[in-house]
């Protein structure tokens, strides 16, 4: 325990500090207005983001239970950025809330759980983090107290999570039975693809991950929960929560189960193909924009799986890069959707008809974000997606590439449906022209800058690649 | 001596006038466009005369043989190292003769048009098109490269299209222009493929090289092309026949003649220039140009030429006897006369006395150009006077338009082959050549000659005699000087041209060929012609019932001739009925229903599947859990049983 | 920094400038100036190219510049041109300039319109100068979505259906391309070393035969979709006919050329053995497209559909020329791309101008327009004549070059294919003359037409520029064919080497 401790756990500590600040406020300054709370928290989150970038070093704590390195540090920073953006976008929604501080508390504690999960060096620690991140999420999902759908979402999330946790735990226990340890470093050499039981354990554990990533057929909760939850929570679920799982999945696959490479390569490929195909099929005819985004997130996750199949640094950095881009594009989109939803209570695609006539700025933001999601140049999404596919291509699995490429076309259809509504369709009474709060401008600006710059300027990718 | 500069000016002057009038005419030079066009043609004609003089009397003959002189050429488009389209000018007896004919007739038509087209709103357009045509035709005859010929071949087709459709607000004119272009284009397809075949084996597109390679016995190129065969014929035969198909299209040979009568929708001077004297003989010119190859290497193809020509000449003459539109009669007579030229080439051999048909054919081309232009211009004057094309509206005009009458008569006598008019000499040579080489064709020719005399004088008598008109019915007189001058000049040429010793200048091998008129031989054709004339006189000099009676006697034959043997209808069936109606409609239907349908079906299929898949999303957590479990189980099963 | 970069940089800058403009007038002027400068820029590049060539630079690609972009993936900003790309660049800049001119009257969302148009052109410019497959693909896809927007927002008729169909089919095409590219990428390190997207490095790598046989169809068909290869052409008629004039010009004039260029530059160059293997199949498809397109055109009643289907037919010539694998045919194919680009742009421009005046595109509703609008009528006729391959205009020389080149393949299969292709020129003549006859000639059917005005200055300028280019190629084809020859020679050399290897 020395300065090491503080440096290695700085992200977690800084989150904890903000949490404490919030608790103090809740206890001693209950009369604090949402607006000033909003201001305060955002400043804190900005500081938190900055702290995340400072002195990232490699190290282990608690006998290998907790470990971190520059890559994990950067991954946490991405999530920090995400939480800041969500927070910036929730001003309009906060006006409707009585318990805004609780919202932040829940949000931050689930992030804290994710951080622990990402930094875990042992499956026990991993499970602890996972549960710490899941339970507050269920509370967050049902945060819109006056909406039935919101409560339903919370219920569904907690039930489904419990179920998947059970499967995961079952897998873990089998693994422990086989090997006698749950420590990542110790496990890796003990695992071999010949042992059927280990394979079974791997599949069960992987199913747990797949649930979190909402991969078909473990995805059914996604649409209902996304639709019911407050938009900020949906955004959080679709990006931050998924990203954290992907990050730890990378570690688990590339280190713990590296001897099972052939097995998980196939597993990833199969799940990716199924997910993107079905995700697209589900998405084709959705009318609710949040549901649409739910299925789009399933497809995007499938592309991440494609990238992971590469199995080395190239794939890893492509995945991180893609997540960063995905974060920017999805948050740009959710920023607009959450604003419109909070202000006008409109969430259908049809509501956006003629949007361009009244809100050109928001329209361009949405369209750029949609193009980025669809992987259209010059947006960063194009680069992200292509890098994932290119990584996979170095393995030469033609079938996987074919499916992935063709699915990009199918997904274009439903993204273009939204673009069509915004730009082409005529509407008698479109969503009115509205002045935007500065915070929204800020967050959308960051997102759009990311969407436009991350691809064309190679610096960020080089940075990620060099972290390893 | 022969200088490239001024020879190049012969085609370039009309081009310049086309560009000038075409671009600026409508706005700035409306009044001046006629004179500008005429002036450029005058210069061009003068240069052509000088060139002809120099070529025939000074520079052309080397060791007693007329040589091909390539005045200049440059590579215009390279295909492969050996094969390129060169743009160039080549002088040889036939091209020099042709530039004379083209510039002369064009000049006459220009002068004539100055008066004929006066008051026309789009007069500048008219003259620019005329210039374009003259340029293209000169480019065609001077071509040094077979592809260059094809290029200008297409361009004359274009000018013909534009001029036929000059009165474009008349639907019939538009249809006729379209028909002319498409039919000739169809024929040109043969020309193009012929070029492809020949050039591939001869490895050149240059006329001089091409001809020498393909007509020298035993040359490797000739061997390669004649040894390759397709459907039983050598590729040489195919190539030459296809080439001829192109020629037959332009020259309105049976069965590709259907465009020519309709082409009379154009202004009459245009008919005189393009559809009588110059463009339509391009096919003859082309066969003459390639003659050594036809005659020396592939007599079979020459047989095709001969019989096509013979059939066309008879066929057209038969139709001409019954038509009532003055210009259409002339059109069919043109077709018939070109048939003469064709079979003259077809029966000809190469070199010396054998080449009489060649000389005769081109001689006839020359004289025909003069008297047929004269006939058309005369007809133009008549139409100008009575404002109708129909024979029934005419009659007794001899006193009203005397100059036209006399010149028309001269031309009729010439075409009927009455001595000493020019047509007599050229026709005589053709008959002689066919008599010597192909007796059946000689018989056809003889019969056609009689028919020609009959229908021409049917025309003559119907216009100028038949009924008497009251003097005051048409107040205005004959056209002005500009219209009469070409008539008179051409009539003089028609009278004198027969005495030119044509064989001295133009023969198949470049050596002078002397031909004489044998009185004994000429007796039969001349008698036949006179018979035809007298018969026409009996039928048509006065109004009588004889023609109707004859028509009833002939019955079906008359009807068939009057309906032009229904060739148009057959073509219409093939194109409208089959190509457009069945193939075209099928393609459009296939595209709309099958291809587009497949795409749309794919889209709706995706939607249906999507709707079905969405049903899986029941909203019940227990169902979701079941799905998760099923997923896990199937993964386990897959990995434990399939994958291992 | 190389002057070639300016070719893509300038459109990007001008697109930004357009966004900053205020008012429709400023936007118009800015785009006009920008595209005129762009034309000047390409002309300058052409000048520089000739200077270098004359100075004895015989490298296959000139003015190369190579910047690392994403070295981990073997992606670089590698740009360079040969005669083929230069020809395409010139074509693009001419068509874009004219497209800006004919869109002068766009009043709805003017700024967005020009912005998208310039963005679209940037895609084409970038595509033609890229020597890296990734950047090439980047620019190819860049050009798809603006088309969707242009058709969807400013189009007419069934615009939404057409826009969606076009976007999805073109994206489908690029998905196929992507599969092919990734396959090539995977096979690019067979000789050791890192995999790469660099075209020049790839062109010396021998991709295994089996891989070629699998990948070639993806690449070729993918690019083929852009060229409207049969049976993936159905986006073209709907897309063209619904698009606003400038977008139609761009779609048919340039976008379809992206495909042809890609087929030559990527598919055939990188996989010569497979190219020869699949040659006959491509020829069959091309012949079907040529004839079938021509016959389908004959049955159309909407002018834009006529030109769209005829584009299918004309682009069939491009594919035919490519698949014949003779140098002459290849030169012809590229010439046909340029020629068709100009000609079809002119045709769409004039159709658009007529439509703006008469508010109909149905041939049956128009007649006698030549009398009322002599200028537009003449332009229409010239475009038609070029389409039917009249000597003196660009269509003739390119078609003839293809025919001559195709005829060099002496076996019966190729001969018959060539003859069928030749035969289509007759059908072309039929539908062009029918259309011209119906629309321009005959008596004036509608008295309202009498009050219509002939072309305005911008329309005249656009038409004159296009006609001059067409005539220049038609009268002096040696300029164009000479430009293309070295590039075609290089490609043919690769293909010939592959034949030797077999």
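Chains as they are written, first to last, in my numbering: chain A, 3 to 470; chain B, 23 to 666; chain C, 991 to 1492. From the three backbone atoms N, C-alpha and C, an ideal C-beta is built for every residue, glycine too.
Inset, instruction - Give me the Cα-Cα distance between residue 611 of chain B and residue 1434 of chain C, rounded to the nearest whole angstrom. - result: Counting from one through the second chain, the residue named residue 611 of chain B turns up at place 589. Counting from one through the third chain, the residue named residue 1434 of chain C turns up at place 444. Roughly 31 angstroms between the two C-alpha positions.
Legend entry - Same chain, Cβ closer than 7 angstroms to residue 1226 of chain C, five either side skipped, listed in chain order: The residue labelled residue 1226 of chain C in the question sits at position 236 within the third chain. Same-chain partners within the cutoff: 1218, 1298, 1301, 1302.
Inset, instruction - For the alpha helix (DSSP H) containing residue 236 of chain A, list its first residue and its last residue. - result: Sequence index remark: in the first chain, residue 236 of chain A carries index 234 (1-based). Element bounds for residue 236 of chain A: 233 to 237.
Legend entry - Residues in the stretch 380 to 401 of chain A having any Cβ partner in chain B nearer than 7 angstroms: none
Inset, instruction - With a 10 Å radius around its C-beta and 16 neighbouring C-beta atoms as the bar for buried, classify residue 345 of chain B as buried or exposed. - result: Position 323 of the second chain holds residue 345 of chain B. Burial call: buried.
Inset, instruction - Pull out every residue of the stretch 613 to 629 of chain B whose Cβ sits closer than 7 angstroms to any Cβ of chain C, in chain order. - result: 613, 617, 618, 621
Legend entry - Where residue 422 of chain A sits in the DSSP three-state scheme: Taking the first chain and counting its residues from 1, the one referred to as residue 422 of chain A is at position 420. It is helical.
Inset, instruction - Could you run through the stretch 1164 to 1179 of chain C and flag, in chain order, every residue whose CB is less than 7 angstroms away from some CB of chain A? - result: 1165, 1168, 1169, 1172, 1173, 1175, 1176
Legend entry - CB contact check: residue 1471 of chain C to chain B, cutoff 8 angstroms: Position 481 of the third chain, counting from 1, holds the residue named residue 1471 of chain C. Cβ-Cβ to chain B under 8 angstroms: yes for residue 1471 of chain C.
Legend entry - Inter-residue Cα distance where the pair is residue 11 of chain A and residue 1205 of chain C: Looking up residue 11 of chain A in the first chain gives position 9. Looking up residue 1205 of chain C in the third chain gives position 215. The alpha-carbon atoms of residue 11 of chain A and residue 1205 of chain C are separated by roughly 50 angstroms.
Legend entry - Test item: CB-CB of residue 188 of chain B and residue 148 of chain B under 8 angstroms: Here residue 188 of chain B is taken as the residue at index 166 of the second chain, counted from 1. Here residue 148 of chain B is taken as the residue at index 126 of the second chain, counted from 1. Yes, the pair counts as a contact, with Cβ atoms nearer than the cut-off.
Inset, instruction - Give the interface partners of residue 1457 of chain C over in chain A, defined as CB-CB distance under 9 angstroms, in chain order. - result: Locating residue 1457 of chain C in the third chain gives position 467, where the first residue counts as 1. Near residue 1457 of chain C there are no residues of chain A at all, since even the closest Cβ is about 34 angstroms away, more than 9 angstroms.
Legend entry - Sequence-distant residues of its chain with Cβ nearer than 6 angstroms to residue 261 of chain A (five each side left out): Taking the first chain and counting its residues from 1, the one referred to as residue 261 of chain A is at position 259. Only 193, 194 meet the Cβ criterion.
Legend entry - 8 angstroms Cβ cutoff met for residue 101 of chain B and residue 1395 of chain C: As a first step, residue 101 of chain B must be located in the second chain, where it is residue number 79. As a first step, residue 1395 of chain C must be located in the third chain, where it is residue number 405. Contact flag set, yes.
Legend entry - Alpha carbon of residue 1292 of chain C to alpha carbon of residue 1086 of chain C, nearest angstrom: In the third chain, the residue the question calls residue 1292 of chain C occupies position 302. In the third chain, the residue the question calls residue 1086 of chain C occupies position 96. If you take the alpha carbons of residue 1292 of chain C and residue 1086 of chain C, they lie about 24 angstroms apart.
Legend entry - Endpoints, alpha helix (DSSP H) assigned at residue 1055 of chain C: Your numbering for residue 1055 of chain C matches position 65 in the third chain. Counting along the chain, residue 1055 of chain C falls outside any alpha helix (DSSP H), though it belongs to the beta strand (DSSP E) covering 1052 to 1060.
Inset, instruction - In the DSSP assignment, find the alpha helix (DSSP H) that holds residue 85 of chain B and state where it starts and stops. - result: Within the second chain, the letter at position 63 stands for residue 85 of chain B. From DSSP, residue 85 of chain B is part of no alpha helix (DSSP H); its letter is neither H nor E.
Inset, instruction - Could you have a look at residue 124 of chain A and say whether DSSP puts it in helix, strand or coil? - result: Your numbering for residue 124 of chain A matches position 122 in the first chain. In the structure shown, residue 124 of chain A sits in a strand (DSSP, three-state: E or B).
Inset, instruction - On a CA-only basis, which of C:1042, C:1078, C:994, C:1143 is nearest residue 428 of chain A? Give me that one, please. - result: The sequence position of residue 428 of chain A within the first chain is 426, counting from 1. Out of C:1042, C:1078, C:994, C:1143, C:1143 has the C-alpha closest to the C-alpha of residue 428 of chain A.
Inset, instruction - Can you have a look at residue 104 of chain B and say buried or exposed, based on whether 16 or more other CB atoms are within 10 angstroms of its CB? - result: Position 82 of the second chain, counted from the start, is the residue given in the question as residue 104 of chain B. Under this definition residue 104 of chain B is an exposed residue.
Inset, instruction - Please report the Cβ distance between residue 386 of chain A and residue 459 of chain A, rounded to the nearest whole angstrom; I am assuming they are in contact, meaning their Cβ atoms lie under 8 angstroms. - result: For this step, residue 386 of chain A is matched to residue 384 along the first chain. For this step, residue 459 of chain A is matched to residue 457 along the first chain. Not confirmed; about 14 angstroms, so no contact.
Inset, instruction - Would you kindly check if the distance between the Cβ of residue 213 of chain B and the Cβ of residue 20 of chain B is under 8 angstroms? - result: No answer is possible for residue 20 of chain B: it lies beyond the span of chain B, which begins at 23 and ends at 666.
Inset, instruction - Starting from residue 94 of chain B, follow its DSSP beta bridges and name the residues at the other end. - result: Translated into positions along the second chain, residue 94 of chain B becomes position 72. The partner list for residue 94 of chain B (beta bridge, DSSP) reads B:111.
Legend entry - residue 1155 of chain C at chain B interface by Cβ criterion, 8 angstroms: The sequence position of residue 1155 of chain C within the third chain is 165, counting from 1. Answer yes: the Cβ-Cβ gap between residue 1155 of chain C and chain B drops below 8 angstroms somewhere.
Inset, instruction - Determine whether the Cβ of residue 158 of chain A lies closer than 8 angstroms to any Cβ atom of chain B. - result: Taking the first chain and counting its residues from 1, one reaches residue 158 of chain A at position 156. Output row for residue 158 of chain A: interface = yes.
Legend entry - 8 angstroms contact criterion, which residue 394 of chain A and residue 330 of chain A should meet: CB distance rounded: The count along the first chain starts at 1 and reaches residue 394 of chain A at position 392. The count along the first chain starts at 1 and reaches residue 330 of chain A at position 328. Not confirmed; about 22 angstroms, so no contact.
Legend entry - CB contact check: residue 1423 of chain C to chain B, cutoff 8 angstroms: Along the third chain, one-based indexing puts residue 1423 of chain C at 433. Yes, contact with chain B.
Inset, instruction - Counting only runs of 4+ residues fully inside the stretch 1218 to 1294 of chain C, write out the alpha helix (DSSP H) ranges in chain order. - result: 1225 to 1232, 1235 to 1240, 1246 to 1252, 1262 to 1288
Inset, instruction - Answer yes or no: do residue 440 of chain B and residue 548 of chain B have a C-beta to C-beta separation smaller than 8 angstroms? - result: Taking the first residue of the second chain as 1, we reach residue 440 of chain B at position 418. Taking the first residue of the second chain as 1, we reach residue 548 of chain B at position 526. In this structure, residue 548 of chain B lies closer than 8 angstroms to residue 440 of chain B by Cβ.
Inset, instruction - Output yes or no for whether 8 angstroms exceeds the beta carbon distance between residue 273 of chain A and residue 318 of chain A. - result: In the first chain, residue 273 of chain A corresponds to position 271, counting from 1. In the first chain, residue 318 of chain A corresponds to position 316, counting from 1. No, they are not a contact pair.
Inset, instruction - Whole angstroms is fine: what's the gap from residue 392 of chain A's alpha carbon to residue 1172 of chain C's? - result: Along the first chain, read from residue 1 onward, the residue named residue 392 of chain A stands at position 390. Along the third chain, read from residue 1 onward, the residue named residue 1172 of chain C stands at position 182. So the alpha carbons of these two residues sit roughly 6 angstroms apart.
Legend entry - CB contact below 8 angstroms: residue 663 of chain B versus chain A: The count along the second chain starts at 1 and reaches residue 663 of chain B at position 641. Chain A, which has no Cβ nearer than 8 angstroms to the Cβ of residue 663 of chain B, makes this no.
Inset, instruction - Could you list which residues in chain B have their beta carbon closer than 7 angstroms to that of residue 223 of chain A, in chain order? - result: Here residue 223 of chain A corresponds to residue number 221 of the first chain, with the count starting at 1. The contacting residues are 646.
Legend entry - Cβ-heavy atom distance, residue 407 of chain B to the ligand SAM, below 7 angstroms: No copy of the ligand SAM occurs in the structure displayed, which carries no ligand at all.
Legend entry - residue 287 of chain A at chain B interface by Cβ criterion, 8 angstroms: Within the first chain, numbered from 1, the residue matching residue 287 of chain A stands at position 285. Closer than 8 angstroms: yes.
Inset, instruction - Please confirm whether residue 483 of chain B and residue 558 of chain B have their CB atoms less than 8 angstroms apart. - result: As a working note, residue 483 of chain B is residue 461 in the second chain. As a working note, residue 558 of chain B is residue 536 in the second chain. It is a contact, given that the beta carbons lie within the stated cut-off.
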